[in-house]
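Asks: Provided herewith is a single structure, encoded as structure tokens, for subsequent inquiry.
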Amino acid sequence: MLIDFFFTLKDAKIPVTIKEFLTLLEAMQQNVIEASMDDFYYLSRLTLVKDEAHFDKFDRAFAQYFKGINAAFETNAAIPLDWLLKRMQRELSEEQKAQLEKFGYDKLMDRLNELLKEQKERHEGGSKWIGTGGTSPFGNGGTNPEGVRIGGKGGNRTAVKVWEARAYQDYDGEREIGTRNIKVALRRLRKFARQGAEDELALDATIRATANNAGFLDIRMQPERKNNIKVLMLFDVGGTMDDHIERTEELFSAAKTEFKNMEFFYFHNCVYDYMWKNNRRRNSERFPTWDILRKYPPDTKLIFVGDATMSPYEVLQPGGSVEYNNEEAGSAWLARFTSAFPKFAWLNPEPEGVWQYRQSIAIIRQLMNDRMFPLTMDGLERAMRTLSK
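All residue numbers for the sequence shown refer to full-length UniProt numbering, where the first residue is 1 and numbers rise by one.
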């Protein structure tokens, strides 16, 4: 059985070897784990995968071969799980949805703190308590224009806070490009120069020097011609960006190929006081945003990639992040980036036709001095022309 599992991992482009596979079999012969699928998952990942960059590929291959495993869900909230189990959902008309009250950010958080002290039992389908399937701003599976999602899955995309530990997926830099046109568009940004050690034959200069030297060979060398453009890409990840993983991975992979001097970081919804490079260690390996702003020179080309779809509080309000209480508003950090790197652009995978209906997109377009472009071939070409000016 495990031989087929080994070839499934190979098909997923995970660099597993026979030696590692034999190590797994030996560990199982020695009964180092109990007869548990969870234990086998961690043992096989430990023995077969040597680079965390392949963890996501391994998870997908494991799920495909063993018909899926349920990821463990943990929440930091001291709220009984039974309160958050969605058993029904009310269907509301557009008129009923329009009548739902918006609390405002500060009042919303104050009300949540009150309910955490008062509530003693499960509620479902209501408009006040923490529960599911109703119109209350607190819980999951219901309808409210502004709320705090606690547990469950997002649906209406109107939450101003999300109360759960969230794991996002790194974008795959080795993904096969669906179209080479993305690379062609990105090449507009390239800027070649000869710098460094002279380790390449300068043919034209050698011919001229030899001719001037009465035919005696006079070899001339030159530095290799390289693309010296510097690019900093900041990727929105998780939440509504899950709808755009495929196109974003294509862009990420193409950019890594075309720009040798490229750095990237992840953020969620809006940039705040820290970012990260590995979503599995996003809570333990953070990069202060101030350090990123100071590290790269002003001629670096800055590219944001995100759908800019969020609550306006997340951009304009201190503490507006859905994940923690940020001291400064996201708009302040965006202003710092655009000031530090005058050549900047925002690529948005959402269709350009829906931008006018998203308040947060309008806000960020204004903060970006209208340098937001759709993640289409035409949009990429316009963005590259803007960055090249």
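The C-beta atom is built at its ideal place from N, Cα and C for all residues, glycine as well.
(1) Less than 8 Å between the beta carbons of LEU316 and ILE363, yes or no?
(2) What whole-angstrom Cβ distance do PHE265 and LYS277 have, given they're in contact under 8 Å?
(3) State buried or exposed for ASP236, treating a residue as buried only when at least 16 other CB atoms are found within 10 Å of its CB.
(4) Since TRP346 is in the beta strand (DSSP E), which residue starts that stretch and which ends it?
(5) Please confirm if the region 237 to 248 is in contact with the region 303 to 311, defined as three or more CB-CB distances below 8 Å between the two stretches.
(6) Exposed or buried, which one is ALA211 when buried takes at least 16 other CB atoms within 10 Å?
(7) Considering only C-alpha positions, which residue in the set ALA209, TYR274, LEU186, PRO223 is nearest to GLU250?
(8) Check for me: the beta strand (DSSP E) holding ASN326 runs from which residue to which?
(9) Short of 8 Å in beta carbon distance, which residues of its chain neighbour ALA329, apart from the five on each side in sequence? Order them along the chain.
(10) Using 8 Å as the cut-off, can you tell me whether the region 42 to 58 makes contact with the region 4 to 17, which would need three or more C-beta pairs spanning the two stretches below that distance?
(11) Quick one: measure Cβ to Cβ for PHE259 and LEU302, integer angstroms, because I've assumed they're closer than 8 Å.
(12) What would DSSP say about LEU293, mapped onto helix, strand or coil?
(13) Note down the Cα distance separating PHE267 from ASN279, rounded to an integer number of angstroms.
(14) Roughly how many angstroms lie between the CA atoms of PHE216 and PRO223, to the nearest whole one?
(15) Between the Cα of GLN359 and those of GLN366, PRO312, LEU367, spot the shortest distance and give me the residue it belongs to.
(16) Helix, strand or coil, according to DSSP, for ILE303 in the structure here?
(17) Under 8 Å by Cβ, that's how I've got PHE341 and LEU232 pegged, so tell me the actual separation to the nearest angstrom.
(18) Excluding the 5 residues preceding and the 5 following PHE21 in the sequence, name in chain order all residues of the same chain whose CB lies nearer than 6 Å to its CB.
(19) Between which two residues does the alpha helix (DSSP H) containing TYR272 stretch?
(20) What's the C-alpha gap between PHE62 and LEU9?
(21) Could you tell me the distance, in whole angstroms, from the CA atom of LYS117 to the CA atom of ARG111?
(22) Taking only three categories from DSSP, how would you classify VAL49?
(23) Let me know the secondary structure DSSP gives PHE7 once reduced to three states.
(24) Would you decide whether THR17 is buried or exposed? Buried here means 16 or more other CB atoms lie within 10 Å of its CB.
Replies: Reading off the structure:
(1) In this structure, ILE363 lies closer than 8 Å to LEU316 by Cβ.
(2) Between LYS277 and PHE265 the Cβ distance is about 6 Å, and since that is below 8 Å, they are a contact.
(3) It is buried - the Cβ of ASP236 has at least 16 other Cβ atoms within 10 Å.
(4) Residues 344 to 348.
(5) The region 237 to 248, when compared against the region 303 to 311, does touch it at the 8 Å Cβ threshold.
(6) ALA211 is classed as exposed because its beta carbon has fewer than 16 other beta carbons within 10 Å across all chains shown.
(7) Cα-wise, what sits closest to GLU250 is LEU186.
(8) Per DSSP, ASN326 lies in no beta strand (DSSP E) segment and is marked neither H nor E.
(9) Closer than 8 Å at the Cβ level, and outside the excluded window around ALA329, lie VAL315, LEU316, GLN317, PRO318, GLY320.
(10) Segments in contact, yes.
(11) The Cβ separation is near 12 Å, so there is no contact.
(12) Looking at LEU293 - three-state DSSP - the assignment turns out to be helix.
(13) Taking the straight line from one Cα to the other gives about 10 Å.
(14) If you draw a straight line from the Cα of PHE216 to the Cα of PRO223, it comes to about 23 Å.
(15) Answer by Cα proximity: PRO312.
(16) Strand.
(17) Between the beta-carbon of PHE341 and that of LEU232 there is about 7 Å, and that keeps the pair under the 8 Å contact cut.
(18) These residues qualify, in order along the chain: PHE6.
(19) Where TYR272 is concerned, there is no enclosing alpha helix (DSSP H), because DSSP gives it neither an H nor an E.
(20) Here the alpha carbons of LEU9 and PHE62 stand approximately 8 Å from one another.
(21) Distance between the alpha carbons of LYS117 and ARG111 is about 10 Å.
(22) Here VAL49 sits in coil by DSSP.
(23) PHE7: helix per DSSP, three-state reduction.
(24) Flag for THR17 reads exposed.
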